[in-house]
Each structure stands twice: as C-alpha cells, then as structure tokens.
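When the letters of the sequence shown are read in order and numbered with the numbering used here, they come out as residues 1 to 217.
Every residue, glycine too, gets a C-beta built ideally from N, C-alpha and C.
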Amino acid sequence: MSTAHHTPSELARALEALSPATRLQVAMTAGTHPEPGDVAVLVRRCGVEPDFFVRDMLVWALLSHSSDETVPALLAELDSANPQARAQALHALSKIGDPRGWPAVSDDVIADRDDEVARAAWRAAAALVPGDQRERLARRLAGQLGRGDHTMQLSLARAYLELGQAGEAVLTEVAETAGSQAALHAETIQRLIADPDLGFDAAREEALRVWVMGVPE
C-alpha cells in the first residue's frame, strides 16, 4: 500500500506482506488515513495476525473509526471459533471504552478456557464496568483467583487494581480460605492494592512468607 488512499482490498493485500515491519507500517497508515470499509479488514486481520506489535497497531487503527462501526463488528467477533479473534476483539473493546461492550463480557467469557481470551476479558471487564457494577464484577472475577501461571495471575491482579476498594471484601473472603492458591493470589492482590508500588512479585513473596511459613509481619 504505497499511498495514504486505499481501498479495502488493497489494505487486505498489504496486510498479508511477509515482513512484520511492512505490516506494521501498513496498519499505521490505515490508522492515520482511515477509509470507508477498513473496519472489516482490520477486525478480520486482528484474528490472524501473528505479530504482537502489528496486532496492537491494528487495534490503534480501529480507534480512528467511529465506535458505531467498530463496536458491532467487534461484538460479532466474540462468536468466532478462533480464540485469537475473540481475544483481540475484547482487547479492542477495552481500548474503545464504549459502554455497549459491557454486556458482552459474560461469565462464560470471563472463564473462557483459552487463557488469552480470559485475560482479555478481565481487562475489558475492568475497563467497561459501570460504576454501580464494580463490586459485583469483583465477585464474578473471584472464581478466577489462583488460575494459571504468573502472567495470568498478574493480569487478574491488574483488573482488581482497577476496581480498587470495590474488590476488597471479596478478596478478604477468599484470602481467609486457608491453603488454596486462590487465597495466596487474593492476599497478594490485597497487598498490591495497599501499596501499588510494591510490585506483583514482591507482594507475592510477602504473602507467601506469611501464608506458608507463618513468619509474622
């Protein structure tokens, strides 16, 4: 795609370039000079693009279009059998911030078996939740405490950090469930909420010291 002006078919072909650097430049141009018909192409490419940085640029390009066009297209992607398509749609919805995306973050999506979809759902939920639903969301997310590896648990911690005080009651309840990974995760997040500068790893070490070794604070 050699010029700023392009057709959807030209954009689609350009986004199939072998070089990630070329695809990154194409996505940047599409975002800088949005054209009618781009949204469908960008959304479709998000589901198959292998490069992380290009995917982020595709989402950035979507932000240059009206949410009246992007939100319905992204919501439709949540029915895709392709986990990457669902995860990227959720990620884009969290960036757009349109409240129409909130009802789509269902309990099934939050508990999706695919880790990337679930992580994207947690981010989207924390970004889109209405003010009067924050505590309820904290309880909906509680079923995911203790899930997965470091990356997964850090993602959920960030969602709880966005919820702040709305999540404290449920975190306290789970933290008191002695002997579970969920309890350790909840205690770690509580420490992060109390001191966001502590960092996830340091907060986990402090929680583990008390939880496992019984070392007093």
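Nearest-angstrom Cα separation, counted from residue j out to residue i
i      : j      : result
HIS33  : ALA120 : 27 Å
VAL129 : GLU77  : 20 Å
ALA194 : ASP115 : 27 Å
GLN144 : LEU163 : 15 Å
PHE200 : MET57  : 28 Å
ARG209 : GLU187 : 11 Å
LEU117 : ALA125 : As written in the sequence, residue 117 is Val, which differs from the Leu given in the question. The straight-line gap from Cα to Cα measures roughly 12 Å.
VAL170 : SER180 : 15 Å
VAL43  : GLU16  : 14 Å
HIS5   : GLU35  : 7 Å
GLY167 : LEU24  : 38 Å
GLN88  : GLY47  : 7 Å
HIS185 : HIS91  : 24 Å
VAL26  : PRO99  : 29 Å
GLN190 : GLU173 : 11 Å
VAL109 : ALA159 : 15 Å
ARG139 : LEU192 : 18 Å
PHE53  : ARG45  : 13 Å
VAL59  : LEU93  : 9 Å
Per-residue burial, residue i [other beta carbons within 10 Å of its own, 16 or more giving buried]
i      : result
HIS65  : buried
ALA85  : buried
ALA14  : buried
ARG136 : exposed
THR151 : exposed
GLU176 : exposed
SER19  : exposed
ASP79  : exposed
ASP38  : buried
ALA207 : buried
THR29  : buried
ARG55  : buried
GLN165 : exposed
SER106 : exposed
GLU49  : buried
PRO216 : Any reading at PRO216 needs caution, since the residue's pLDDT is 46, under 50, leaving its predicted position unreliable; the model's value is listed next. That one is exposed.
ALA12  : buried
Whole-Å CB distance - residue i paired with residue j, under 8 Å assumed
i      : j      : result
ALA127 : GLY97  : 6 Å
LEU141 : LEU154 : Incorrect: roughly 14 Å between the Cβ atoms, too far for contact.
GLY101 : VAL71  : 6 Å
ALA73  : ALA40  : 6 Å
Residue i beta carbon near the ligand NAD (any heavy atom closer than 8 Å)
i      : result
ALA126 : Inclusion of the ligand NAD in the displayed structure is not the case, the ligand content being empty and no account of it being possible.
Review point. Curious, which full-length alpha helix (DSSP H) runs of at least 4 residues does the stretch 102-159 contain?
Key: Secondary structure within the stretch 102-159: the alpha helix (DSSP H) runs of 4 or more consecutive residues, fully enclosed, are 107-110, 115-128 and 134-141 (chain order).
Q. Hey, which unbroken runs of the beta strand (DSSP E) at 3 residues or more fall wholly within the stretch 26-85?
A. Segments of the beta strand (DSSP E) lying fully in the stretch 26-85: there are none.
query = Of all the alpha helix (DSSP H) runs that stay within the bounds of the stretch 160-191, which reach a length of 4 or more residues?
reply = 168-175
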